[in-house]
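Novice:
2 protein chains.
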Amino acid sequence: MDAMSGSGTLRPFEQSLPMALLRAREAAMRRFRPLLAEHDLTEQQWRVLRALTATDRPVEPTILAERTFLLAPSLSRMLSNLEGRGLIRRSVAAHDQRRSLIELSPTGRALVQAVAPSSEATYRHIEERFGVDRLQHLLDELHDLAALDLGEPT
Amino acid sequence: MDAMSGSGTLRPFEQSLPMALLRAREAAMRRFRPLLAEHDLTEQQWRVLRALTATDRPVEPTILAERTFLLAPSLSRMLSNLEGRGLIRRSVAAHDQRRSLIELSPTGRALVQAVAPSSEATYRHIEERFGVDRLQHLLDELHDLAALDLGEPT
DNA sequence: TATTGTTATACTCTATAACTATA
DNA sequence: TATAGTTATAGAGTATAACAATA
């Protein structure tokens, strides 16, 4: 019973799917993080701005939390921060006073646009070295994998 | 210049590689996290134990930090914690008194083995629904992507 | 002098529970 | 009563700098 195979056939570290996903993500983000830091944005804050860019309709916090994989309390504080910095706007839904609606402000949109070229440069870099079709196929596979309902936690 | 295409051709949120990687990782981890919590382990602590399982030789903290994508100060505090719980052992390298050597204790190894079956169950679940060959190909592609030197942060 | 690892500090995010206000 | 969102609280990780011990 050695270290490599003794743990009830636990896969080798190199073959771990979560680690492979994390490693690939780190490789893709390494260049990008310093740029976010220059704009005083955390990775999570960027995800929120990025999610808001994806739609031209205001989004409710609950939906935003799902799309960005953030917990509601984390998002709530982040929205206060982003609103204080003038990057987003909040309004109250007309049909239900409990619901908020979040959207990018022009300043927020400008910030995303300022950061976007560097993001695109990284993509071009990946596409050149990895291949456009190969990257597209990888994205499709990742999408399919995530769509598998692996079941709720027991 | 609308919200979808106005940001200097920023890719749609759905096509974002870091988001796709995060989404897939969340899908794979969702089942697993509660099990870690039952054993009072964070995701990062699990990565450390998991990395130590992958080798039967003691590992220096610097190497461990690289492999687990943790910063040295974070790892340093975690190692104190894990040592206090009797899950790892530390020793000093004979040839260089500055260097530490970290390895799993028998208790730590037993803990990994206790958690492993659930990890394997998730893999079997994925393999059944996604396909063994398809999963292997995905892992290979992720490995190649991470190996691309996308350059140091500017 | 350079390197390994730890400690100090401030901030952010995670996670759960409790609370407010609407419905 | 149930739901949307916020606030409270405790803990862990991120990030940078400063430090001790060793090389």
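Taken in order, these protein sequences are the chains called X and L. Counted from 1, the first sequence has number 964 at position 107 by the numbering used here; the numbering is strictly sequential. Counted from 1, the second sequence has number 869 at position 12 by the numbering used here; the numbering is strictly sequential. Cβ coordinates follow ideal geometry from the N, Cα and C atoms, glycine included. All of these numbers come straight from a predicted model, not from anything done at the bench.
(1) Please report the Cβ distance between residue 884 of chain X and residue 1007 of chain L, rounded to the nearest whole angstrom; I am assuming they are in contact, meaning their Cβ atoms lie under 8 Å.
(2) Quick check on the DSSP output: what are the complete beta strand (DSSP E) runs of length 3 or more inside the stretch 913–996 of chain L, in order along the chain?
(3) At the level of alpha carbons, what is the spacing between residue 927 of chain L and residue 901 of chain L?
(4) Please report how far the alpha carbon of residue 858 of chain L lies from the alpha carbon of residue 956 of chain X, in whole angstroms.
(5) Taking the CB atoms as reference points, tell me whether residue 906 of chain X and residue 969 of chain X lie closer together than 7 Å.
(6) Does DSSP classify residue 1000 of chain L as helix, strand or coil?
(7) Along the stretch 901–928 of chain X, what residues have a CB closer than 8 Å to any CB found in chain L?
(8) Starting from the C-beta of residue 940 of chain L, find all residues in its chain whose C-beta is less than 8 Å away, skip the five residues before and the five after it, and write them out in chain order.
(9) Check the Cβ-Cβ distances between residue 935 of chain X and every residue of chain L, and say whether any is below 7 Å.
(10) By the 8 Å beta-carbon criterion, what residues does the stretch 931–956 of chain X contribute toward chain L?
(11) First and last residue of the alpha helix (DSSP H) that includes residue 1007 of chain X?
(12) Output the distance between the C-alpha atoms of residue 903 of chain L and residue 942 of chain L, rounded to the nearest integer angstrom.
(13) Alpha carbons only, please: which of L:934, L:910 and L:882 is nearest the one belonging to residue 965 of chain L?
(14) Taking the alpha-carbon positions, what's the residue 984 of chain X to residue 889 of chain L distance?
(15) Any beta carbon from chain L within less than 7 Å of residue 875 of chain X's own beta carbon?
(16) Can you list, in chain order, the residues of its chain with a C-beta nearer than 7 Å to that of residue 924 of chain L? Leave out the 5 residues immediately preceding and following it.
(17) From residue 978 of chain L to residue 895 of chain X, what distance separates their C-alpha atoms?
(18) Is the beta carbon of residue 995 of chain L sitting closer than 7 Å to the one on residue 998 of chain X?
(19) Which residues, in chain order, does the stretch 966–979 of chain X contribute to contact with chain L at a C-beta distance below 8 Å?
(20) Assuming residue 878 of chain X and residue 881 of chain L make a contact with CB atoms under 8 Å, what is their CB distance in whole Å?
(21) For residue 959 of chain L and residue 918 of chain L, which I take to be in contact (beta-carbon distance under 8 Å), what is that distance rounded to the nearest angstrom?
(22) Taking Cβ positions only, does residue 896 of chain X come closer than 7 Å to chain L?
(23) Any beta-carbon of chain L closer than 7 Å to the one on residue 888 of chain X?
Specialist: Well, looking at it:
(1) 6 Å
(2) 945–949 and 957–961
(3) 8 Å
(4) Note on residue 858 of chain L: pLDDT 40, under 50, position unreliable in the model; the coordinate value appears next. Computed Cα separation, rounded: 28 Å.
(5) yes
(6) helix
(7) 904, 907, 908, 910, 911, 912, 913, 924 and 926
(8) 946 and 947
(9) no
(10) none
(11) Counting along the chain, residue 1007 of chain X falls outside any alpha helix (DSSP H), and DSSP gives it neither H nor E.
(12) 14 Å
(13) L:910
(14) 33 Å
(15) yes
(16) 908
(17) 43 Å
(18) yes
(19) 966, 969, 970, 973, 974, 976, 977 and 979
(20) 6 Å
(21) 6 Å
(22) no
(23) yes
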